[in-house]
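Residue 15 is where the sequence shown starts when you use the working numbering, and the numbers rise one by one after that.
Don't be surprised by glycine CBs; every beta carbon is placed ideally from N, CA and C.
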Amino acid sequence: MNDLLQNLIKLQAIEFGQIKEKNAAATVAELRSKIPPQILAHYDRLVAKGKKGVAAVRNQVCTGCHMHVPIGVITTLMHDTDIQLCDSCGRYLYLSEAADTKAPEETAKPNPKPARKARKPKNSSQLVSASVSMMPLAVNELGLGKGQPGLRPISG
Ligand SMILES: [Zn+2]
15 MNDLLQNLIK LQAIEFGQIK EKNAAATVAE LRSKIPPQIL AHYDRLVAKG KKGVAAVRNQ
75 VCTGCHMHVP IGVITTLMHD TDIQLCDSCG RYLYLSEAAD TKAPEETAKP NPKPARKARK
135 PKNSSQLVSA SVSMMPLAVN ELGLGKGQPG LRPISG
């Protein structure tokens with residue numbers, strides 16, 4: 015997430031009392047000094063209406079107004095290339111996974127490439143070598159069984 019969004023989120027969290035800072039006023043002033051005036055003005059307009067200026071995107075839905083967020087907007091957020099506004103409620107959008115303390119069980123990440131399991135066929139050379147090793151074994155017929163010493167009873 016880019017710094018601008020992080021500053022906005024932190025600013026909002028402090029101003030809405032979601033996190034406690036030791037020196038909240040100083041932190042707010044510092045954050046506000048880092049955020050570009052135009053963005054800050056838009057944020058303040060929303061806050062003045064009693065809304066939050068920044069809303070998380072969860073499951074491709076803006077948590078501020080519960081409207082669907084276009085995938086292009088989410089992609090931009092994922093790539094951190096630009097900040098995005100919700101088309102419906104005008105809040106600044108951020109992806110919820112970083113700021114959400116809950117387990118990221120349903121982070122809607124579009125898979126560009128579905129992982130496909132490519133199975134290689136097993137090596138079939140074993141079958142071939144087995145038939146080759148069957149060599150003709152006719153050696154036994156020669157030389158053996160000629161002079162078998164029979165057991166003679168010894169008479170004394
Ligand atoms: Zn919205």
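Delimiting residues of the alpha helix (DSSP H) encompassing residue i
i	result
Val42	38-48
Val87	85-93
Asn21	17-29
Span of the beta strand (DSSP E) around residue i
i	result
Val61	No beta strand (DSSP E) holds Val61; the alpha helix (DSSP H) holding it covers 51-62.
Arg72	68-72
Buried or exposed by the 16-neighbour rule on C-beta atoms within 10 Å, applied to residue i
i	result
Asn21	buried
Lys66	buried
Gly105	The residue you asked about is not Gly; residue 105 is Arg in the sequence shown. It is buried - the Cβ of Arg105 has at least 16 other Cβ atoms within 10 Å.
Gly64	exposed
Gln32	exposed
Own chain partners of residue i with C-beta closer than 7 Å, once the 5 adjacent residues on each side are dropped
i	result
Leu54	Arg46
Met92	Leu109
Asp58	none
Check: residue i C-beta below 7 Å from any heavy atom of ligand 1
i	result
Met81	yes
Ala69	yes
Arg72	no
Ser102	yes
Gly78	yes
Arg105	yes
Contacting residues, own chain, Cβ-Cβ under 6 Å from residue i (five flanking each side not counted)
i	result
Val61	Gly67
Ile11	Because residue 11 is not part of the residues shown, which for the chain are 15 to 170, the question remains open.
Nearest-angstrom beta carbon gap, residue j and residue i [assumed within contact, 8 Å]
i	j	result
Leu25	Val42	6 Å
Ile88	Val71	6 Å
Asp101	Asn16	No, Asp101 and Asn16 are not in contact; Cβ-Cβ is about 20 Å, not under 8 Å.
Gln38	Ile28	In the sequence as presented, Gln is not what sits at residue 38; that position holds Ala. Their Cβ separation, rounded to whole angstroms, is 5 Å, which keeps Ala38 and Ile28 in contact under 8 Å.
Contacts around residue i, its chain only, beta-carbon distance under 8 Å, and the 5 residues preceding and following it disregarded
i	result
Gln52	none
Gly86	none
Val75	Met81, His82, Val83
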